[in-house]
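Undergrad: Mind looking over this structure? Questions follow.
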Amino acid sequence: MTPSSNRWLLLGAWLLALAALGAFALHSLRISTDLRSFMPPPQTPDQQLLMEQIGEGPGSRLLLLSIEGAPEPQQVELSRGLVAALHGDAHFEQAINGAFDPSSLDEKLLPYRWLLSPTLDTHVLDAAYLADQLGQRVEDLASPAAALLKPLLPRDPTLETLALAERWSPPKQPTLRDGVWFSSDGAALLLAQTRGAGFDPAAQGAAIDALQAAFHALPGAGAAKLTISGPGWFTVLINAKTRAEADRIGAVSTIGFVLLLLLAYRSLPSLLLAGLPVLSGGLAGAAALALMFGSAHGITLAFGFTLLGVAQEYPIRVLSHRRAGEDALASVRALWPLLATAIASAAIAYLAFFASGVNGLQQLAVFTIAGLLAAGLTTRYLLPRVLPLRFLDVAETPGLGRATRVIDALPRPRWLPWLLAVLGVVVLWRAPGPMWENDLAALTPVPQDLLLRDAKLRGELGAPDVRYLLVLDASDADDVLTLSESLEARLASLVHDGVLDAAELPSRYLPSLATQRARQAKLPDRATLAAALAEADRDLPFRAGLFDPFLADVEAARRLAPLTAQEFARTPLGARLASMLVPRSDRWLGLATLSGVHDADALARFADASGGHVRLLDLKGASESLVVAYRERILRALGIALALLALTVVIALRSARRAWHVLAPMSLATLLVIVVERGSGLSLSLFHLVAVTLAAGLGLHYALFFERPVADAAEGRRTLHATLVCVVSALLVFGLQAWSSLPVLRAIGLTVALGVGFHFCLSILMARRR
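In this note's numbering, the protein residues as written are 312 to 1081.
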């Protein structure tokens, strides 16, 4: 077979292997979008609650809806139609619009209404009370509400079902018109609670798509406008905006990168083949995740591909260092010791991430190490064998010789790095603002107009605050309910004093066993109740025997065992109570949601006065403590990684002096990146740390190749050419990100772009003179 045939066979085998690897990764690797799977394990009770609440908490899964732009009767029908559609949709756990829903209490549990309603706390089922209630029913039957009340009347003449429905509605409700909620400016209002986790963009996106489809399928929906708000909506919007902007930047930078390589190497086949090692690295990383973990978070893959960007330098080095009259294999053999040093150093350093104990960082380490090794090995053993035989020796590129001479002539004062380091430390000491950004919301900010709209809807609907919770601590679920009952009056006083607008306690849905038994004891026997009912019904237009179902329900209620939390969980409102009662290993927690908190300090004092059984949980504070803990783990991992990297470089170069010329510019450049960002008032986040790591990996390559002794001037020009192509391509890709409107992309882009510039300059200025 001819060499050309061998090339094509090897290339075909390589592509087939990549296709098989890609198919395996696609089939075996499950991608998670739930933010919690990337976060570190919680270390404190508050952090554990935070992780549960950002996913399963009712506040994080609540969507606030309004319908406007159509006549009021049409908005009423649209509201009712949307609630009916969402009740049958698997994406939603609950949808309410203020209308009474008789199905909210299971038919079999209707006798329990006397044990669940607070009526018997202040009234007695005697003739006087029943006469008052029946007189009101006569008036009700002459009103427009007659159609709703008539089916309830035989079994529930005192309307305990409606009393429960009102109690189980949000504690602060909007105005009711035609049985549905309306805002002060005439929009119909609704609340919808999703089943999917609040910070899972995929789950929330699917729910919102189903919601919008259900609304647009309603008759007359075209004349109205549906407005959505809430944490899930913000998650979907930010995710879509980030993806769209990343795609635009990626498309522009890809076109620029391709044009750069065409200009640098004048060969389309070489350009296409140079992408295979990077593709091999990405697929190898994904396959390694599938084998070791079975699943990975989307953030892991995004960060992994970002860190894998250093692998694009491997084929660029091969293309730039090919010498005229020499095949590609010989050129790679000469490069391999330095490339192997860079690859091994990075891979060993990332082992520190694997030892961090954080699942997301372990996945990141596996992906990056597998990707770098695969990219490096395919660059060494496969790429040279498939490259075209005809190529351009870049040493002859016009202007490259002059650039090399200018760089070689640059002064290299030994005091300059020390001066820069001292100045950097001074700037860091005097830098404005906090060193670290602990607020996750600042990394993905929601536009101000959407925040204002959310605040307005939340105020109109009395929806729970997404920041504060009251946490009740007791030995079991019933003790939590007892504690909750003891807080009701004091919280009502705080609402009256303007400390908050409303509070929703677990006992709002289910009283304690003791309270149920006390109410049960006040129920009269059937004969006593029948006599009282006969006296109350005298001279009223109700037929004889109409209220026999009422008598039967009261008699049944007298014999019922009190309703437990486990039994209540099987009712339509069971999921709501379940989200407010949280079991721990030997304790139970109750979660009280709060609306319109105006004085958090007063609430904290109220909690502190409870004898240690109640505390105010600030979810924002808990999230910041979790971010701090995560950052500390990453910083420890980076510190260990730096030590491992330094040790690897010293061993590989077999000279502490040569290692100094590699590690010193890399370390100083990293410091200067942090100095510039802090000096400009930026607070550093997790994304800055990932970007600094990538920039340091690129800087390691620059320093290694500038430190390398060269055999002749032509080889020096090839080294400069390869480094310039790497630097310009990195600046092109990450420089565009630095101009992004999104803080996450801007943080990564600005940090890497600054790092590339500093690493390039310092690698030259601190390299040994040739």
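Where a beta carbon is used, it is the ideal one built from N, C-alpha and C, also for glycine.
What first and last residue would you give for the beta strand (DSSP E) that runs through residue 901?
TA: In the sequence shown, the residue the question calls residue 901 occupies position 590. Looking at the DSSP string, the run of the beta strand (DSSP E) that includes residue 901 is 899-906.
Undergrad: Report yes if the CB atom of residue 518 is closer than 8 Å to the CB atom of residue 507, and no otherwise.
TA: Counted from its first residue, the sequence shown places residue 518 at position 207. Counted from its first residue, the sequence shown places residue 507 at position 196. Result yes, Cβ atoms of residue 518 and residue 507 sit closer than 8 Å.
Undergrad: Let me know the alpha helix (DSSP H) ranges lying completely inside the stretch 734-794, each 4 residues or longer, listed in chain order.
TA: 751-754, 759-772
Undergrad: Nearest by alpha-carbon distance to residue 489: which of 480, 705, 456 is it?
TA: As a position in the sequence shown, residue 489 is number 178, starting the count at 1. Among 480, 705, 456, the Cα nearest to that of residue 489 is on 456.
Undergrad: Three-state secondary structure (DSSP) at residue 877?
TA: By one-based count along the sequence shown, residue 877 stands at place 566. Helix.
Undergrad: To the nearest whole angstrom, what separates the beta carbons of residue 1067 and residue 1009, a pair I think is in contact under 8 Å?
TA: Taking the sequence shown and counting its residues from 1, the one referred to as residue 1067 is at position 756. Taking the sequence shown and counting its residues from 1, the one referred to as residue 1009 is at position 698. Contact flag correct, Cβ pair sits at about 6 Å.
Undergrad: Residue 679 and residue 596 - do their beta-carbons sit closer together than 8 Å?
TA: Counting from 1 along the sequence shown, the entry for residue 596 is found at position 285. Counting from 1 along the sequence shown, the entry for residue 679 is found at position 368. Yes. Within cutoff.
Undergrad: Thinking C-alpha only, which one of 851, 871, 844, 866 is nearest residue 858?
TA: For the purposes of this step, residue 858 is identified with residue 547 of the sequence shown, where counting begins at 1. Nearest to residue 858 by alpha-carbon distance, out of 851, 871, 844, 866, is 844.
Undergrad: Under 8 Å, do residue 868 and residue 422 count as touching if we go by C-beta distance?
TA: Reading the sequence shown from its first residue, position 557 is the one you call residue 868. Reading the sequence shown from its first residue, position 111 is the one you call residue 422. Result yes, Cβ atoms of residue 868 and residue 422 sit closer than 8 Å.
Undergrad: Confirm, please, whether the CB-CB distance from residue 730 to residue 543 is below 8 Å.
TA: Here residue 543 is taken as the residue at index 232 of the sequence shown, counted from 1. Here residue 730 is taken as the residue at index 419 of the sequence shown, counted from 1. Their beta carbons are not under 8 Å apart, which means residue 543 does not touch residue 730 by this criterion.
Undergrad: Between residue 985 and residue 672, is the Cβ-Cβ spacing less than 8 Å?
TA: Within the sequence shown, numbered from 1, the residue matching residue 985 stands at position 674. Within the sequence shown, numbered from 1, the residue matching residue 672 stands at position 361. Cβ atoms of residue 985 and residue 672: not closer than 8 Å.
Undergrad: Name the residue from 893, 610, 959 whose alpha carbon lies nearest to the alpha carbon of residue 363.
TA: Reading the sequence shown from its first residue, position 52 is the one you call residue 363. For residue 363, the nearest C-alpha among the options comes from 893.
Undergrad: Do residue 761 and residue 538 come within 8 Å of each other at the CB atom, strictly closer than that value?
TA: Here residue 538 refers to the residue found at position 227 of the sequence shown. Here residue 761 refers to the residue found at position 450 of the sequence shown. Not closer than 8 Å, so no.
Undergrad: Per the DSSP calculation, residue 869 is bridged to which residue(s)?
TA: Taking the sequence shown and counting its residues from 1, the one referred to as residue 869 is at position 558. According to DSSP, which records beta bridges pairwise, residue 869 is partnered with nothing at all.
Undergrad: Along the chain, where does the alpha helix (DSSP H) that runs through residue 492 open and close?
TA: The count along the sequence shown starts at 1 and reaches residue 492 at position 181. From DSSP, residue 492 is part of no alpha helix (DSSP H) but of the beta strand (DSSP E) over 491-493.
Undergrad: When every heavy atom of the ligand ADP is checked, does at least one fall within less than 7 Å of the C-beta of residue 1048?
TA: Although the ligand ADP was asked about, the structure shown includes no ligands whatsoever.
Undergrad: Give me the residue from 1062, 1015, 917, 558 with the minimum Cα distance to residue 803.
TA: By one-based count along the sequence shown, residue 803 stands at place 492. In this structure, 917 is the residue among 1062, 1015, 917, 558 with its C-alpha nearest to the C-alpha of residue 803.
Undergrad: Which ranges would you report for the alpha helix (DSSP H) in the stretch 478-563 if only whole runs of at least 4 residues count?
TA: 512-527
Undergrad: Would residue 355 be called buried (16 or more neighbouring beta carbons within 10 Å of its own) or exposed?
TA: Locating residue 355 in the sequence shown gives position 44, counting from the first residue. Residue 355 comes out exposed.
Undergrad: Write down the C-beta distance between residue 815 and residue 482 rounded to the nearest angstrom, noting that I regard them as a contact closer than 8 Å.
TA: Locating residue 815 in the sequence shown gives position 504, counting from the first residue. Locating residue 482 in the sequence shown gives position 171, counting from the first residue. Rounded, the Cβ-Cβ distance is 5 Å, consistent with contact.
Undergrad: What beta strand (DSSP E) runs, 3 residues minimum, are completely inside the stretch 361-439?
TA: 373-379, 403-407
Undergrad: Please check the pair residue 573 and residue 582, which I expect to be a contact at CB under 8 Å, by giving their CB distance rounded to whole angstroms.
TA: Along the sequence shown, one-based indexing puts residue 573 at 262. Along the sequence shown, one-based indexing puts residue 582 at 271. Confirmed, about 6 Å.
Undergrad: Kindly indicate which three-state DSSP category residue 709 falls into: helix, strand or coil?
TA: Along the sequence shown, one-based indexing puts residue 709 at 398. The answer is coil: DSSP assigns residue 709 none of H, G, I, E or B.
Undergrad: Grab the span of the beta strand (DSSP E) containing residue 894 for me, first residue to last.
TA: By 1-based counting over the sequence shown, the position of residue 894 is 583. It spans 892-894 - the beta strand (DSSP E) in which residue 894 sits, taken as one unbroken run.
Undergrad: Between residue 974 and residue 987, how many whole angstroms is the CB-CB distance? I'm expecting something under 8 Å.
TA: In the sequence shown, counting from the first residue as 1, residue 974 sits at position 663. In the sequence shown, counting from the first residue as 1, residue 987 sits at position 676. Not quite, the Cβ-Cβ distance comes to about 21 Å (not below 8 Å), so this is no contact.
Undergrad: Nearest-angstrom Cα distance between residue 586 and residue 932?
TA: Residue 586 sits at position 275 when you count from the first residue of the sequence shown. Residue 932 sits at position 621 when you count from the first residue of the sequence shown. Residue 932 has its alpha-carbon roughly 45 Å from the corresponding atom of residue 586.
Undergrad: Looking at C-alpha atoms only, which residue of 639, 896, 853 is the closest neighbour of residue 461?
TA: Reading the sequence shown from its first residue, position 150 is the one you call residue 461. Sorting 639, 896, 853 by C-alpha distance to the C-alpha of residue 461 places 853 at the top.
Undergrad: Let me know if residue 492 comes out buried or exposed under the rule of 16 or more other beta-carbons within 10 Å of its beta-carbon.
TA: Stepping through the sequence shown from its first residue, residue 492 is reached at position 181. It is buried - the Cβ of residue 492 has at least 16 other Cβ atoms within 10 Å.
Undergrad: Are residue 556 and residue 996 closer than 8 Å when you measure CB to CB?
TA: Here the question's residue 556 lines up with position 245 in the sequence shown. Here the question's residue 996 lines up with position 685 in the sequence shown. Cβ atoms of residue 556 and residue 996: not closer than 8 Å.
Undergrad: Name, in chain order, the residues that DSSP records as bridge partners for residue 606.
TA: Residue numbering aside, residue 606 sits at position 295 when the sequence shown is read from its first letter. Answer is 341.
Undergrad: Among the residues of its own chain, which have a CB less than 7 Å from the CB of residue 810, if the five just before and after it don't count?
TA: Within the sequence shown, residue 810 is the residue found at index 499, counting from 1. Within the same chain, residue 810 has close Cβ partners 909, 910, 913, 914.
Undergrad: To the nearest angstrom, how far is it from the Cα of residue 554 to the Cα of residue 453?
TA: Your numbering for residue 554 matches position 243 in the sequence shown. Your numbering for residue 453 matches position 142 in the sequence shown. Cα to Cα, residue 554 sits roughly 59 Å from residue 453.
Undergrad: Starting from residue 815, trace the beta strand (DSSP E) in both directions and tell me its first and last residue.
TA: As a first step, residue 815 must be located in the sequence shown, where it is residue number 504. Its beta strand (DSSP E) spans residues 813-815.
Undergrad: When DSSP labels each residue in this structure, what does residue 700 get in the three-state scheme?
TA: By one-based count along the sequence shown, residue 700 stands at place 389. DSSP places residue 700 in coil when its eight states are reduced to three.
Undergrad: Name the DSSP beta bridge partners of residue 925, please?
TA: Sequence index remark: in the sequence shown, residue 925 carries index 614 (1-based). BP columns for residue 925 point to 783.
Undergrad: Short of 6 Å in beta carbon distance, which residues of its chain neighbour residue 765, apart from the five on each side in sequence? Order them along the chain.
TA: The residue labelled residue 765 in the question sits at position 454 within the sequence shown. If we look at residue 765 and ignore the five residues flanking it on each side, its Cβ neighbours are 540.
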